[in-house]
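There are 4 protein chains.
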Amino acid sequence: MNVQKRRNNELSRSTLRRQREKQHRVSSILNAAEKLFAQKGYNQTSIEEIADLAEVSVGTVYIHFKNKEDLLIKLIHEIGNIVSKLLWGEFEESDHSIQAFNNLGQIFLTNFCLSNPEKNIIFFRESVGQSAEVEEHRKQVIIKITTDIKERLQIVQQSIGGKPIPDSSYELLAVFVVGMFAQMAIYYFIWQGKPDDIMDISYKTMSFLFGGIGNLLGAGNPH
Amino acid sequence: MNVQKRRNNELSRSTLRRQREKQHRVSSILNAAEKLFAQKGYNQTSIEEIADLAEVSVGTVYIHFKNKEDLLIKLIHEIGNIVSKLLWGEFEESDHSIQAFNNLGQIFLTNFCLSNPEKNIIFFRESVGQSAEVEEHRKQVIIKITTDIKERLQIVQQSIGGKPIPDSSYELLAVFVVGMFAQMAIYYFIWQGKPDDIMDISYKTMSFLFGGIGNLLGAGNPH
Amino acid sequence: MNVQKRRNNELSRSTLRRQREKQHRVSSILNAAEKLFAQKGYNQTSIEEIADLAEVSVGTVYIHFKNKEDLLIKLIHEIGNIVSKLLWGEFEESDHSIQAFNNLGQIFLTNFCLSNPEKNIIFFRESVGQSAEVEEHRKQVIIKITTDIKERLQIVQQSIGGKPIPDSSYELLAVFVVGMFAQMAIYYFIWQGKPDDIMDISYKTMSFLFGGIGNLLGAGNPH
Amino acid sequence: MNVQKRRNNELSRSTLRRQREKQHRVSSILNAAEKLFAQKGYNQTSIEEIADLAEVSVGTVYIHFKNKEDLLIKLIHEIGNIVSKLLWGEFEESDHSIQAFNNLGQIFLTNFCLSNPEKNIIFFRESVGQSAEVEEHRKQVIIKITTDIKERLQIVQQSIGGKPIPDSSYELLAVFVVGMFAQMAIYYFIWQGKPDDIMDISYKTMSFLFGGIGNLLGAGNPH
DNA sequence: CATGAATGAGTCTTCATTCAT
DNA sequence: CATGAATGAAGACTCATTCAT
């Protein structure tokens, strides 16, 4: 093995290591930001605190993120992706029946709100009322989720052979669903410690939803 | 009219005028704060800007309000009272029937969200994600509204002779209602300019609600 | 008694009352200022607090005193006069002997430092390090006291027939005396609660002084 | 010299330079504060002015000092150390005889009051009557100096074989010495430009002191 | 790429002083 | 004279961002 080759190998190894380290650094910073934003609030958290908790320097934060806002925006999208995967990962593999919806509520409440209290706080509280830039990204993520729900509702409706209704009604329904779950996330998981019985709430939520959807879609009682 | 009497009248007039002026100043400041918080955002608005718009000095703001936070908190409670009066003023004079609920949605969307876009923005966006103090007051107001809705739901349920259900179910229902309307306020009135047809949305919302409530309360189809 | 006379009488009475009230108001304000300056410090006391404690309005303070500084300056001169009367009132009626000095130390420590802790604090702490204006007045008062002491020392020296020494030596002696008592006022009465035995300290102070003066004036042992 | 070694040297040099620069910045700021506090007064000096004079930014001042008060406190301790070194540096190397005290007065007046007019003003005027925090540190420094003097007096007394006297008498003596010199610092060096003849004053001061101490310690006439 | 000291614009807040009533 | 609400200049302090090493 000649010197050139050895060098190449070394570069290769070190490049990989650097990429790993870089990825690790970015994660550290995001995790630190998430923890502190949730704990102390976005405005009350300084970049220095984030850097300290992530065990990097202030300058390093600015290598990987444009500015403080950018940290929040990245967290918003990260959380949006997690929620999307959580909700649709299972759903896509299902029969797209109306019953498949049954699980989504419980998954959101258990696997998101309960399991990720800090993400919950950031998405439903700390990312609201900051700058126009942050608001824009939050809006995109929520509209994405709303649209996803709307499309699934349409699929389900078609699968059960319901009569066609205007697109705007599906949108409205999706807005309702998002609002209901957002409010539960705030009311039960941020303001109160956590609800007594998630399963019960989840069941009742679905019961409410089916009744409402059934009435709105004019498909009679969906069970 | 003798001198004594005239003097009394003069005192009375000047006292009244002072009170009017004081009230006017407080209102000016709150209006200016409301306008600027909605327009530029709470964090991006300085006390000096508020004072300028209200045509008072910076010091005067601090005579009537403890600090910047206090302005936001006062606005939150003011908006909470407005919403309460709007919703329950009419309802109390009604027969408390399930149909009386019909109007509430439309009133909220038309007389609050549409008529007071700045109050809407402040309550559903700018007052979120600030300090713990602000959050506490926002929480109080929303819990108040939620509790009010819960109690009305119970009254209506009793009036139609439905079978008794747990208190927590009414609370859950109220949380749903608040979440649905909050999300409509944000989605249709802050993010989009305004919905095409408020009447239609309002009608569909109630249809959804009746279906959902009916299903959840197990009272069969309420119509 | 005709109307005119009655009126005159009334005016006279009311004028007297007014003067009494005015004097009372000025005293109230000065007392309030003294108490608060000593308690919270000059810089940490606001005119509003002084007005509140004196049970007058903020505006009234400014009728009787040019500004906040003026309050402190008036207090400085008031205290200066009290100290002067305390020290020289008795001394003037004495035989101006060296023994007459004996009492002065004890009078200062007991009748000023111990009896007027607030005046002590204001004169030796709160009136120092403020503005050039305040400093100027404090300087005047202390130089007045220093000069008084110097003159008495000269009188005593003459009365015991000591040999003449330069004027500057008397001044130096007076500076020492002022410094010693000022430091006792601070050290024992402000920093420590109060000394264990004022009589003992007073006695030793005089013993020290007599020894020092005797040595400096070259008059041998003064007893 | 190989590369490795050069690199080490470079690191060493840059680290040293940084330390020098940091030390230099802290000194610049303290010097600027000292000059301005003495010239305009503590209250009349703004942080911005200090930063300007020190040729650093406002933020840099806050990197090295907690707040404005902290600047004054650091100056107080710095001055306290300078005075201590000035007084005891020479004394410790002496025979601890009563004559060794002779120089201390002159050293203080010449090498402190006359040579450091700004430090003199800060210690005896500007650091008085500010906040409780500042007062506490001033108290500590003066008590330290008083205790040092007291201990030296005891040593000298023992060295000349005087009869034992209570500890409190030494303390009182030390308080006198501090008070006399403090008052000279203020009277002659702050209020008057400077005394005509420091040597003469210094000589007389010691003469006074010896007489007073002699009398108080009951050791007879010390010459 | 990493560091972290330096920057300085930006803001809230205070409070002595004024003046219309 | 008395009042006390209004004034607004002044200043301490923060912290996101930069950049020389």
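Those protein sequences? They're chains C, W, P and R, same order as listed. Note that the working numbering has the first sequence beginning at 1, numbered continuously upward. Note that the working numbering has the second sequence beginning at 224, numbered continuously upward. Note that the working numbering has the third sequence beginning at 447, numbered continuously upward. Note that the working numbering has the fourth sequence beginning at 670, numbered continuously upward. Virtual Cβ for every residue (Gly too), placed ideally from N, Cα, C.
Closest residue to residue i among the options (Cα-Cα distance)
i      : options                           : result
P:F558 : P:G575, P:L533, P:D541 and P:F547 : P:L533
C:N120 : C:T205, C:T60 and C:Q39           : C:Q39
C:I63  : C:Y42, C:I29 and C:E34            : C:I29
W:K367 : W:G303, W:Q415, W:I421 and W:L396 : W:G303
W:V284 : W:V249, W:K417, W:N266 and W:K258 : W:V249
R:N712 : P:G660, P:S561, P:G535 and P:A578 : P:A578
C:I82  : C:A54, C:S115 and C:L173          : C:S115
C:V58  : C:E21, C:I47, C:N67 and C:K66     : C:I47
C:F37  : C:K22, C:H24, C:Q23 and C:L53     : C:L53
W:E292 : W:G384, W:D419, W:G416 and W:V351 : W:V351
R:E787 : R:S753, R:G862, R:H806 and R:S763 : R:G862
C:S84  : C:T45, C:G105 and C:K66           : C:G105
W:T268 : C:Q130, C:H137, C:I165 and C:P164 : C:Q130
R:W860 : P:W637, P:Q469, P:Q586 and P:G607 : P:Q586
C:N67  : C:N103, C:Q19 and C:V134          : C:V134
Residues near residue i in its chain [Cβ-Cβ closer than 6 Å; skip 5 each side]
i      : result
C:Q91  : Per the sequence shown, residue 91 of chain C should be read as Phe rather than Gln. Excluding sequence neighbours, C:F91 sits near A100.
W:F331 : F404
C:M199 : none
R:D817 : none
P:K596 : Y616, E617 and A620
P:E408 : With chain P covering only 447 through 669, there is no way to say anything about residue 408 of chain P.
R:P864 : Y857 and I870
W:S317 : A323
C:H137 : I73 and I76
P:K468 : none
Residues near residue i in its chain [Cβ-Cβ closer than 7 Å; skip 5 each side]
i      : result
C:Q157 : L217
R:T815 : A843, V844 and V847
P:T556 : I644
R:H693 : none
Spatial neighbours of residue i in its chain, beta-carbon cut-off 8 Å, leaving aside the 5 residues before and after
i      : result
R:G710 : E795
P:H734 : No answer is possible for residue 734 of chain P: the residues shown for chain P start at 447 and end at 669.
P:I496 : I475, A478, A479, L482, V507 and L517
C:Q102 : The question names Gln, but residue 102 of chain C in the sequence shown is Asn. M206, listed in sequence order.
R:F734 : I698, L740 and K743
C:R17  : none
Cβ-heavy atom distance, residue i to the ligand NAD, below 6 Å
i      : result
P:T593 : This structure simply doesn't include the ligand NAD, nor any ligand for that matter.
Exercise for the section: Would you check if the region 629–647 of chain P and the region 842–862 of chain R touch, i.e. whether three or more CB-CB distances between them fall below 8 Å? Expected result: yes
Exercise for the section: Report yes or no: do three or more beta-carbon pairs, one from the region 734–751 of chain R and one from the region 787–805 of chain R, lie closer than 8 Å? Expected result: Yes: at least three Cβ pairs fall under 8 Å.
Problem - Contact set between the region 558–580 of chain P and chain R, restricted to residues whose Cβ is under 8 Å from the partner - result: For the region 558–580 of chain P, the set of positions with a beta-carbon nearer than 8 Å to some beta-carbon of chain R reads R571, E572, S573, V574, G575, Q576, S577 and A578 in chain order.
Problem - Every unbroken alpha helix (DSSP H) within the region 838–880 of chain R, with a cutoff of 4 residues, ordered by chain - result: none
Handout entry: Contiguous alpha helix (DSSP H) assignments of at least 4 residues, all confined to the region 455–542 of chain P
Key = 493–500, 504–510 and 514–538
Exercise for the section: Taking a Cβ distance cut-off of 7 Å, strictly less, list which residues of the region 182–208 of chain C are near chain W, in chain order. Expected result: For the region 182–208 of chain C, which is checked against every Cβ of chain W, the residues closer than 7 Å are A182, Q183, M184, Y187, W191, I201, K204, S207 and F208.
Handout entry: Residues from the region 250–276 of chain W in contact with chain C, defined by Cβ distance under 8 Å
Key = G264, Y265, N266 and Q267
Problem - Three-pair Cβ contact test at 8 Å for the region 388–397 of chain W versus the region 200–215 of chain C - result: yes
Problem - Proximal residues, the region 765–780 of chain R versus chain P, C-beta separation under 9 Å - result: none
Handout entry: Residues of the region 57–89 of chain C with Cβ closer than 9 Å to any Cβ of chain W, in chain order
Key = none
Practice task
Entirely within the region 324–391 of chain W and at least 4 residues each: give me those alpha helix (DSSP H) ranges in chain order.
Solution key: Counting only runs of 4 or more, we get 340–344 and 355–382.
Exercise for the section: With 9 Å as the limit, tell me which residues of the region 808–822 of chain R have their beta carbon closer than that to any beta carbon of chain P; keep them in chain order. Expected result: K808, I811, I812 and T815
Exercise for the section: Please name the residues in the region 604–626 of chain P whose beta-carbon is closer than 8 Å to at least one beta-carbon of chain R, in chain order. Expected result: S614, S615, L618, L619, V621, F622, V624, G625 and M626
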